[in-house]
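Data block below; observations after.
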Amino acid sequence: MPKLLLPRLTNRQWATALVIAFADFCSAVCISLQAPFYPAEAERKGATASQYGFVFGCYELTVFLTSPLFGKYLAKLIPKFMLNGGLVVTGVCSILFGVLDKVNDTTAFIGLSFAVRVIEALGSAAFLTAAFAIVAAEFPNSIATTFACLETFFGLGLIVGPTLGGFLFQVGGYMLPFSVLGFLLIAAALFTYAVLPSTDHCDPPPTGGILRILRIPSILLASFTVFAASTSIGFLSATLEPHLRQFDLMPVTMGLMFVIEGGIYAVTAPLWGYLCDRKVQPKIITLIGALFIVFGFLLIGPAPFIPLETTLNLAVTGLVIMGFGVGAELVSGFVSALQEATFHGFPNNLSTYGLVSGLWTSTFALGAFVGPSIAGILFDHVGFRYSTLFVITTNALLRRLSPGILAVPEQYQTANYSTLVGEDYAAGDERNNSKTSRDKMVSSLKDGIASPEWVTSEHSI
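Numbered per the numbering used here, the sequence shown spans residues 107 to 567.
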């Protein structure tokens, strides 16, 4: 983790960062492992791109539906227990997924793939929601930087997943990659249990929960930002391999193609986090990220209105540009949602962090479901080049949905909290905060994120 971007950390914070980084890494490997070879295996069983696209997507749909529930009851369930339990469930399901190649019937193969991935997704939703909430609670003064540095390990997982998956598939067949991942996840659970500090803090859930937070337009925009980024990732997970199949790449080489976007994301995420923690408003980072993703997808196909043939060099260039955009959107989306939640009256405590992290995980999962699902249908009917217009349009909408994005910092220039959009969302008792407290919050928001009044201690989480 880049020390230049992180403040001095306590031993407790280093232990927390270490285990969350390991969990992030394993999560990304779980998402990306099968991308280089599962589509071809499914086609050998008689499945279409639409069918195996939904197998990729059902995992994320389950995370989308369940993450808000895990976030809402995070404090009651205890984050450490949720994190460990989720890792174990995900690991066992990964091992089970590795024996599905023994099933030859197309319907049974696709059906069992759905069932195992849904249960696996429940575990993933649990430990991801817990992980992000713990980060917000333990690093209150550098949330964006710490989140982004830990997301570097998610990017590394996106790199290692396809590469390791392609290599192990080439060496030992279909079962080996999933078995290795399963045991790695179970080992991660044991490691987390031994290293992560005790988590016995409990906060009352915020009034109104997820419905109240979704009434805030700026949080909806932050959620759509995460959705747009994850849609882009999911789109390629289902269609990049069929698109590049024309070049007759070896499995390991094909895996390396999936490394590019994740690698750039891993390298640049800490930089985006550093900018969000300083003077750059997260919504401006969002706009920059959207532009990167649009230009990247214009080249990967390339887009049908660009008079160029598909080449490996052009696709690689597009993947590099896209990687910059993914990092910008994912980091700015999380920071912006947390910033806006506290600004609009939500308390600075673990329950709010759990709510926001559940929303982030859920929205990411929704995009990762929509991406491969729509990608499979479009690929079957119009081909890869025309189907990229879906991702291009989705990210272009970010600019259309935020006409005042470059003027957002002016929103925080006044200390009159009552003039800011969203006061009505605060609960009655929260509206009675003193003007001094409000002035302090507005002042801190000028620097990028509110400084929590809730102080981390041995019983913080």
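Note that the Cβ used here is the ideal one computed from N, Cα and C, for glycine as well.
Note that the structure is a prediction, hence the values are computed from the model and not measured.
When Thr-469, Leu-326, Ala-443, Ile-406 are compared against Leu-495, the one with the closest alpha-carbon: Ile-406
Spatial neighbours of Leu-291 in its chain, beta-carbon cut-off 8 Å, leaving aside the 5 residues before and after: Cys-132, Cys-136, Leu-193, Val-194, Thr-196, Gly-197, Ser-200
Start-end ranges of the alpha helix (DSSP H) lying completely within the segment 143-179, minimum 4 residues: 144-150, 155-178
Where Asn-455 sits in the DSSP three-state scheme: coil
CB contact flag (Phe-260, Ala-134, <8 Å): Closer than 8 Å, so yes.
C-beta atoms of Ile-498 and Phe-403 nearer than 8 Å: yes
8 Å Cβ cutoff met for Pro-174 and Leu-465: yes
Minimum C-alpha distance to Phe-160 - residue among Gly-217, Val-205, Thr-172, Arg-118: Among Gly-217, Val-205, Thr-172, Arg-118, the Cα nearest to that of Phe-160 is on Gly-217.
Element boundaries [alpha helix (DSSP H), containing Glu-435]: 418-449
Closest Cα partner of Ala-232 within the set Ser-336, Thr-172, Ile-339, Gly-482: Thr-172
Residue ranges of each alpha helix (DSSP H) within the segment 253-317, 4 or longer: 281-301
8 Å Cβ cutoff, Phe-411 in contact with chain D: As a matter of chain content, chain D is missing from the structure shown, which is built from one protein chain.
Contacting residues, own chain, Cβ-Cβ under 6 Å from Val-432 (five flanking each side not counted): Ala-335, Tyr-371
Leu-189 beta carbon less than 8 Å from that of Thr-258: Result no, Cβ atoms of Thr-258 and Leu-189 do not sit closer than 8 Å.
Contact under 8 Å by Cβ, Thr-469 with Thr-235: no
Beta-carbon contacts of Ala-204 that lie in its chain and below 6 Å, excluding the five residues immediately before and after: The sequence shown places Gly at residue 204, not Ala. So the list reads Met-281, Phe-284, Ser-285, once near-sequence residues are dropped.
Contacts around Gly-482, its chain only, beta-carbon distance under 6 Å, and the 5 residues preceding and following it disregarded: Ala-155, Ser-156, Gly-159, Ala-344
Where Trp-378 falls, given that 16 or more other Cβ within 10 Å makes a residue buried: buried
Start and end residues, alpha helix (DSSP H) containing Ser-248: Counting along the chain, Ser-248 falls outside any alpha helix (DSSP H), and DSSP gives it neither H nor E.
Beta-carbon proximity check, Asn-247 vs Val-400, cutoff 8 Å: no
First through last residue of the alpha helix (DSSP H) which encompasses Ala-334: Run containing Ala-334: 323-350, per the alpha helix (DSSP H) assignment.
Distance between beta carbons of Thr-252 and Val-241, contact taken as under 8 Å: 6 Å
Alpha helix (DSSP H) runs contained entirely in the segment 179-203, provided each spans 4 or more residues: 180-183, 185-203
Leu-425 beta carbon less than 8 Å from that of Ile-366: yes
Beta-carbon spacing of Gly-163, Thr-269 below 8 Å: The answer is no: Cβ separation not under 8 Å.
Under the three-state DSSP convention, the category Val-365 falls into: In this structure, Val-365 counts as helix in the three-state DSSP scheme.
C-beta atoms of Phe-475 and Glu-166 nearer than 8 Å: yes
Sub-8 Å separation of Ala-328 and Ala-254 beta-carbons: no
Other residues of its chain near Thr-122: CB distance less than 7 Å, five sequence neighbours each side excluded: Taken in chain order, the residues that qualify are Ile-240, Glu-244, Leu-302, Pro-303.
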